[in-house]
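**Q** Line by line, the protein sequences are chains X and A. Residue numbers for the first sequence, in my numbering: 1 to 69. Residue numbers for the second sequence, in my numbering: 1 to 631. Ideal placement from N, C-alpha and C gives every residue a C-beta, glycine not left out. Here the structure is a predicted model, which means the values were calculated and not measured. Here you go, one structure.
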Amino acid sequence: MSVFGAVMERLAAGESPRQAARTLAIRVDVAQAVADEAARMGLVLAPAEACGTCVPASKPGCAGCPFSR
Amino acid sequence: MTTATRTASVLLVGNPNVGKSTLFNALTGSRQHVVNAPGTTVELMEGTWTPADAPVTLVDLPGTYSLIARSPDEQVAASAVRDDAHDLAVVVVDATALSRSLYVLGQVARAGRPVVVALTMTDLAASRGQAPDVEALRASLGVPVVAVNGRSRAGLDGLAEAVANALHRPTHVVDVPPPAPDADLEDNLAHAQDLFDWVERVADAALPVDEHRHTLTDRVDRVLLNPWAGVPAFLAVVWAVLQLTTVVATPLMDAAAGLIDGPVAESVAAGLASLGAPAWVGSFATGGLLAGVATVLSFIPLMALIFASVTILESSGYLARVAVVTDRAMRAIGLDGRAMLPLIVGFGCNVPAVSATAVLPHARQRLLTGLLVPLTTCTARLTVYLLLAHAFFPGHAGTVVFGMYVASIALVVLGGLVARRTVMRDLRPEPLLIALPDYQWPHLRTLVAGVWTRVLSFVRKAGTVILAAVALLWVLQAIPVHGDHAPTEVPIEDSLYGATAQAVAPAFAPMGLDDWRIASSLVAGVAAKEVVVGALAQAYSVEDPGDSSDSAEATTLGERIRATLVETSGGSPGAAALAFMVFVLGYLPCLATLAEQRRLYGWRWTAGAAGAQFALAYVLATAVFQVGRLL
Numbered sequence: 001m002s003v004f005g006a007v008m009e010r011l012a013a014g015e016s017p018r019q020a021a022r023t024l025a026i027r028v029d030v031a032q033a034v035a036d037e038a039a040r041m042g043l044v045l046a047p048a049e050a051c052g053t054c055v056p057a058s059k060p061g062c063a064g065c066p067f068s069r
Numbered sequence: 001m002t003t004a005t006r007t008a009s010v011l012l013v014g015n016p017n018v019g020k021s022t023l024f025n026a027l028t029g030s031r032q033h034v035v036n037a038p039g040t041t042v043e044l045m046e047g048t049w050t051p052a053d054a055p056v057t058l059v060d061l062p063g064t065y066s067l068i069a070r071s072p073d074e075q076v077a078a079s080a081v082r083d084d085a086h087d088l089a090v091v092v093v094d095a096t097a098l099s100r101s102l103y104v105l106g107q108v109a110r111a112g113r114p115v116v117v118a119l120t121m122t123d124l125a126a127s128r129g130q131a132p133d134v135e136a137l138r139a140s141l142g143v144p145v146v147a148v149n150g151r152s153r154a155g156l157d158g159l160a161e162a163v164a165n166a167l168h169r170p171t172h173v174v175d176v177p178p179p180a181p182d183a184d185l186e187d188n189l190a191h192a193q194d195l196f197d198w199v200e201r202v203a204d205a206a207l208p209v210d211e212h213r214h215t216l217t218d219r220v221d222r223v224l225l226n227p228w229a230g231v232p233a234f235l236a237v238v239w240a241v242l243q244l245t246t247v248v249a250t251p252l253m254d255a256a257a258g259l260i261d262g263p264v265a266e267s268v269a270a271g272l273a274s275l276g277a278p279a280w281v282g283s284f285a286t287g288g289l290l291a292g293v294a295t296v297l298s299f300i301p302l303m304a305l306i307f308a309s310v311t312i313l314e315s316s317g318y319l320a321r322v323a324v325v326t327d328r329a330m331r332a333i334g335l336d337g338r339a340m341l342p343l344i345v346g347f348g349c350n351v352p353a354v355s356a357t358a359v360l361p362h363a364r365q366r367l368l369t370g371l372l373v374p375l376t377t378c379t380a381r382l383t384v385y386l387l388l389a390h391a392f393f394p395g396h397a398g399t400v401v402f403g404m405y406v407a408s409i410a411l412v413v414l415g416g417l418v419a420r421r422t423v424m425r426d427l428r429p430e431p432l433l434i435a436l437p438d439y440q441w442p443h444l445r446t447l448v449a450g451v452w453t454r455v456l457s458f459v460r461k462a463g464t465v466i467l468a469a470v471a472l473l474w475v476l477q478a479i480p481v482h483g484d485h486a487p488t489e490v491p492i493e494d495s496l497y498g499a500t501a502q503a504v505a506p507a508f509a510p511m512g513l514d515d516w517r518i519a520s521s522l523v524a525g526v527a528a529k530e531v532v533v534g535a536l537a538q539a540y541s542v543e544d545p546g547d548s549s550d551s552a553e554a555t556t557l558g559e560r561i562r563a564t565l566v567e568t569s570g571g572s573p574g575a576a577a578l579a580f581m582v583f584v585l586g587y588l589p590c591l592a593t594l595a596e597q598r599r600l601y602g603w604r605w606t607a608g609a610a611g612a613q614f615a616l617a618y619v620l621a622t623a624v625f626q627v628g629r630l631l
């Protein structure tokens with residue numbers, strides 16, 4: 001399996017890029033680069049996309065919602 | 001290749017924060033200026049550098065980790081690399097993160113650009129025992145590799161010589177996977193796989209073996225990402241946050257509401273009377289507007305604490321873990337993992353959560369998730385829970401509110417399971433993929449700014465809605481439908497508002513809530529859940545205490561509601577309060593959510609789901625009261 005595929009498999013198992021690097025015995029920055037490139041391709045959610053939807057800038061939001069301006 | 005009449009163009013490419021701009025300044029000195037990238041508003045630094053006998057134009061491109069751009073800045077970098085007008089790319093490679101830099105280097109090479117490598121941060125990499133072998137790197141890449149330091153100017157002469165030579169005899173990276181055409185996702189994926197394998201080979205040749213040390217993040221994640229410990233840990237965190245916020249916020253909320261209801265209301269009434277304002281103005285100001293203002297202000301401390309908690313959990317990296325843990329739990333019961341994100345967002349506000357279902361790849365998944373979102377209890381409903389929990393369960397308010405969140409999760413799971421076994425049998429669960437960040441301490445400035453922004457937004461937006469609704473209710477209470485009354489002297493039962501509420505109220509008798517004020521707040525809450533508490537405050541404030549034996553001794557809104565439920569529940573006010581909360585949790589989405597659902601899924605699904613939700617909430621609330629009164 002390619003490095004890319006192996007890292008994706010570990011991310012799917014709930015590991016962080018750093019943990020994936022250790023599990024696969026590869027360099028941390030390789031795993032981070034895979035995660036970043038996969039996010040650019042729309043295959044992986046970046047943390048900000050995962051939990052940042054309720055930040056003040058999110059649109060649309062209901063009239064009374066303090067989480068969405 | 002350059003000619004006598006054309007100045008060569010050299011690009012400076014690399015990841016962010018690798019010392020690219022420092023190198024640019026060192027090479028160009030004062031011979032630099034700002035230009036706009038063609039057709040964009042992105043600003044670039046361009047300068048003149050003379051590596052040998054002829055000057056070249058040096059362009060400092062925005063830093064990027066990939067040529068698959070995610071921002072206008074990155075798009076400028078990607079376009080420039082693919083533009084044949086440039087003769088050479090100096091790729092700035094960070095020795096402390098060699099593989100990340102090599103990936104961009106590989107992409108630049110695949111674009112067909114001749115390359116020279118400027119290796120930075122070598123001293124830092126050496127201090128970590130991870131210094132790359134420059135000779136090995138040069139051999140693997142087949143292009144000049146020069147270690148440089150922009151600050152000390154070390155290696156700049158070598159870089160100049162390499163660039164001058166490469167401009168006359170272009171140097172291309174060897175063995176890099178062939179260039180990717182403008183391709184679809186599958187092709188991009190295949191090329192990324194090839195390129196990462198190449199990065200690994202080059203890095204293995206140039207770097208010592210990487211030692212993987214266990215970090216604090218690893219140790220914490222061992223617990224928080226464990227399938228069995230993660231969910232209880234998450235629930236414990238939610239409970240702690242709610243407990244903390246309710247305990248700390250209660251006295252502040254009471255003080256704010258007491259201030260407005262008492263001295264401020266009395267001063268306003270006296271001031272208006274002294275100015276000779278008509279009686280209805282004083283009534284509107286104190287019974288309508290001030291009741292709404294008190295409601296908004298009383299919730300500011302609470303919302304600030306909630307926002308601070310959310311910001312801390314978010315910026316520490318914990319919320320991303322919650323998505324992973326809950327994803328696993330949802331998949332275990334057969335629901336799609338990626339649906340977790342919109343559902344988590346729903347606990348903030350249902351409307352963006354419904355919109356967020358657009359990230360799901362299949363229409364049926366979007367539909368199911370979007371219909372489950374209203375069962376997540378948004379922050380607007382939290383205001384109702386807090387009011388009732390403090391009034392009826394003062395020693396256990398945090399736990400009661402926590403229970404409502406657990407009930408909300410249970411309803412989502414139940415709804416999902418029922419749908420998966422009936423109308424959504426064709427769905428197949430797919431995993432959620434998140435690149436988890438390392439844990440970090442939240443920055444105080446970010447925290448304060450985030451809380452301030454959200455509180456301000458709450459005051460502006462929720463405050464506006466609540467004030468408008470309370471003012472509208474006051475007007476409805478001034479319109480007589482029976483008898484002949486002046487606007488400010490309409491007995492509530494003779495007003496349009498009171499008559500409607502009284503007509504609806506008996507429907508709530510099975511829940512122990514047969515009271516016009518309760519009924520009216522629930523009707524008003526269909527518009528927006530924030531209005532429920534405001535409508536209650538307004539209904540109790542306009543009522544003549546002399547006509548209401550149940551609230552004659554009560555002073556706070558919570559005490560007045562308690563006095564009402566003692567009567568309507570036949571002596572089981574706690575059970576009625578729980579039924580009230582359960583009904584508010586489920587009965588109907590707010591109008592904004594319904595509108596968004598109708599836009600995305602059509603009115604049939606929206607109406608059907610709303611009807612089912614109302615029936616579910618009615619049955620559950622009735623069951624809670626009927627069982628609760630027996631205990």
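1. Counting pairs of beta carbons, one from the stretch 220–238 of chain A and one from the stretch 267–274 of chain A, are three or more of them closer than 8 angstroms?
2. For residue 274/A and residue 282/A, I'd like the C-alpha separation in whole angstroms.
3. Name the DSSP bridge partner or partners of residue 49/A?
4. What separation, rounded to the nearest whole angstrom, lies between the Cα atoms of residue 309/A and residue 535/A?
5. Taking Cβ positions only, does residue 196/A come closer than 9 angstroms to chain X?
6. Considering only residues of the same chain and omitting the five flanking positions on each side of residue 379/A, which have a CB-CB separation below 8 angstroms?
7. Quick one: give me the first and last residue of the beta strand (DSSP E) that residue 308/A is part of.
8. Starting from residue 250/A, trace the alpha helix (DSSP H) both ways and give me its first and last residue.
9. Below 8 angstroms on the Cβ atoms is my guess for residue 321/A versus residue 224/A; work out the distance and round it to an integer in Å.
10. List the endpoints of the continuous beta strand (DSSP E) containing residue 140/A.
11. Can you list, in chain order, the residues of its chain whose CB lies under 7 angstroms from that of residue 367/A, leaving out five sequence neighbours each side?
12. Short of 8 angstroms in beta carbon distance, which residues of its chain neighbour residue 613/A, apart from the five on each side in sequence? Order them along the chain.
13. In the DSSP assignment, what are the bridge partners of residue 149/A?
14. When the Cα of residue 444/A is compared with those of 316/A, 276/A, 145/A, which residue comes out closest?
15. Listed from N- to C-terminal order along the chain, which residues in the stretch 378–404 of chain A have their beta-carbon within a distance smaller than 9 angstroms of any beta-carbon of chain X?
16. Exposed or buried, what is residue 263/A when buried is set at 16 or more other beta-carbons lying within 10 Å of its beta-carbon?
17. Identify the residues that DSSP records as bridge partners of residue 33/A: which are they?
18. In the DSSP assignment, find the unbroken alpha helix (DSSP H) run with residue 611/A in it and report its ends.
19. Are the CB atoms of residue 143/A and residue 116/A nearer to each other than 9 angstroms?
20. Can you name the residues that DSSP bridges to residue 9/A?
21. Against residue 18/X, what residues of chain A qualify as contacts under a CB-to-CB distance less than 8 angstroms, listed in chain order?
22. Could you give the distance in angstroms between the alpha-carbon of residue 610/A and the alpha-carbon of residue 619/A?
23. Beta-carbon separation of residue 128/A and residue 81/A under 9 angstroms?
24. Would you check if the stretch 186–193 of chain A and the stretch 141–158 of chain A touch, i.e. whether three or more CB-CB distances between them fall below 8 angstroms?
25. With a 10 Å radius around its C-beta and 16 neighbouring C-beta atoms as the bar for buried, classify residue 36/A as buried or exposed.
26. When the Cα atoms are used, what is the spatial distance from residue 110/A to residue 63/A?
27. Is residue 118/A helix, strand or coil by DSSP?
28. What did DSSP end up calling residue 80/A once you bin it into helix, strand or coil?
29. What would DSSP say about residue 546/A, mapped onto helix, strand or coil?
30. Whole angstroms is fine: what's the gap from residue 26/A's alpha carbon to residue 20/A's?
31. Is it buried or exposed for residue 36/X, if we count other Cβ within 10 angstroms and need 16 for buried?
32. Can you tell me the Cα-Cα spacing of residue 198/A and residue 176/A, whole angstroms?
33. Does the CB of residue 128/A have a neighbour CB from chain X at under 9 angstroms?
34. Looking at chain X, is there any beta carbon in it that lies within less than 9 angstroms of the beta carbon of residue 25/A?
35. Is it true that the CB of residue 397/A sits closer than 9 angstroms to the CB of residue 564/A?
**A** Reading off the structure:
1. No, because fewer than three Cβ pairs between the stretch 220–238 of chain A and the stretch 267–274 of chain A fall closer than 8 angstroms, the two stretches do not touch.
2. Here residue 274/A corresponds to residue number 274 of the second sequence, with the count starting at 1. Here residue 282/A corresponds to residue number 282 of the second sequence, with the count starting at 1. The C-alpha of residue 282/A is placed about 11 angstroms away from the C-alpha of residue 274/A.
3. The sequence position of residue 49/A within the second sequence is 49, counting from 1. When beta bridges are read from the DSSP output, residue 49/A appears opposite 56/A.
4. Here residue 309/A corresponds to residue number 309 of the second sequence, with the count starting at 1. Here residue 535/A corresponds to residue number 535 of the second sequence, with the count starting at 1. In a straight line, the C-alpha of residue 309/A is about 28 angstroms away from that of residue 535/A.
5. Locating residue 196/A in the second sequence gives position 196, counting from the first residue. Yes, because at least one Cβ of chain X sits closer than 9 angstroms to the Cβ of residue 196/A.
6. If you number the second sequence from 1, residue 379/A lands on position 379. Its chain contains 303, 306, 347, 348, 349 as the residues whose beta carbon lies nearer than 8 angstroms to that of residue 379/A, once the 5 sequence neighbours on both sides are disregarded; these appear in chain order.
7. Along the second sequence, read from residue 1 onward, the residue named residue 308/A stands at position 308. Note, residue 308/A: premise wrong, no beta strand (DSSP E); alpha helix (DSSP H) at 300–315.
8. Reading the second sequence from its first residue, position 250 is the one you call residue 250/A. Element bounds for residue 250/A: 227–259.
9. If you number the second sequence from 1, residue 321/A lands on position 321. If you number the second sequence from 1, residue 224/A lands on position 224. Residue 321/A to residue 224/A, Cβ: 5 angstroms. Contact.
10. The residue you call residue 140/A lines up with position 140 of the second sequence. Looking at the DSSP string, residue 140/A is not in any beta strand (DSSP E); the run it does join, the alpha helix (DSSP H), is 134–141.
11. Within the second sequence, numbered from 1, the residue matching residue 367/A stands at position 367. The residues are 601, 605.
12. As a first step, residue 613/A is located in the second sequence; it is residue number 613 there, counting from the start. Taken in chain order, the residues that qualify are 374, 375, 586, 587, 588, 589.
13. Here residue 149/A refers to the residue found at position 149 when the second sequence is read from its first residue. Per the DSSP secondary-structure output, residue 149/A pairs in a beta bridge with 154/A.
14. The residue given as residue 444/A occupies position 444 in the second sequence. Per the Cα distances, 316/A.
15. Against chain X - using a Cβ distance shorter than 9 angstroms - the residues of the stretch 378–404 of chain A are 378, 379, 380.
16. In the second sequence, counting from the first residue as 1, residue 263/A sits at position 263. Exposed: under 16 other Cβ atoms inside 10 Å.
17. The residue given as residue 33/A occupies position 33 in the second sequence. In the DSSP output, where bridge partners are listed per residue, residue 33/A has 46/A.
18. For this step, residue 611/A is matched to residue 611 along the second sequence. Its alpha helix (DSSP H) spans residues 603–630.
19. Residue 143/A sits at position 143 when you count from the first residue of the second sequence. Residue 116/A sits at position 116 when you count from the first residue of the second sequence. Yes. Within cutoff.
20. Counting from one through the second sequence, the residue named residue 9/A turns up at place 9. According to DSSP, which records beta bridges pairwise, residue 9/A is partnered with 57/A.
21. Here residue 18/X refers to the residue found at position 18 when the first sequence is read from its first residue. Within chain A, the residues near residue 18/X are 215, 217, 218, 438.
22. As a first step, residue 610/A is located in the second sequence; it is residue number 610 there, counting from the start. As a first step, residue 619/A is located in the second sequence; it is residue number 619 there, counting from the start. Within the model, the alpha-carbon separation for residue 610/A versus residue 619/A is close to 14 angstroms.
23. By one-based count along the second sequence, residue 128/A stands at place 128. By one-based count along the second sequence, residue 81/A stands at place 81. Contact: no.
24. With the cut-off at 8 angstroms, the stretch 141–158 of chain A and the stretch 186–193 of chain A do not touch.
25. Locating residue 36/A in the second sequence gives position 36, where the first residue counts as 1. It counts as exposed.
26. As a first step, residue 110/A must be located in the second sequence, where it is residue number 110. As a first step, residue 63/A must be located in the second sequence, where it is residue number 63. Approximately 18 angstroms, taken between the alpha carbons.
27. Numbered from its first residue, the second sequence carries residue 118/A at position 118. Look at residue 118/A here: in three-state DSSP terms it is strand.
28. One-based indexing of the second sequence puts residue 80/A at position 80. Here residue 80/A sits in helix by DSSP.
29. To locate residue 546/A, count along the second sequence from 1; it is residue 546. With a pLDDT of 39 at residue 546/A, under the threshold of 50, the modelled position of this residue cannot be trusted; read the value that follows with caution. For residue 546/A, the three-state secondary structure derived from DSSP is helix.
30. Here the question's residue 26/A lines up with position 26 in the second sequence. Here the question's residue 20/A lines up with position 20 in the second sequence. Separation of residue 26/A and residue 20/A (C-alpha to C-alpha, rounded to the nearest whole angstrom) is 10 angstroms.
31. For the purposes of this step, residue 36/X is taken as the residue at position 36 of the first sequence. By the beta-carbon neighbour count (other beta carbons within 10 angstroms, threshold 16), residue 36/X is buried.
32. Position 198 of the second sequence, counted from the first residue, corresponds to residue 198/A. Position 176 of the second sequence, counted from the first residue, corresponds to residue 176/A. Cα to Cα, the separation comes out at about 7 angstroms.
33. Counting from one through the second sequence, the residue named residue 128/A turns up at place 128. With 9 angstroms as the cut-off, residue 128/A does not count as an interface residue toward chain X.
34. Locating residue 25/A in the second sequence gives position 25, where the first residue counts as 1. No - not a single Cβ of chain X is within 9 angstroms of the one on residue 25/A.
35. In the second sequence, residue 564/A corresponds to position 564, counting from 1. In the second sequence, residue 397/A corresponds to position 397, counting from 1. No, Cβ-Cβ distance for residue 564/A and residue 397/A is not below 9 angstroms.
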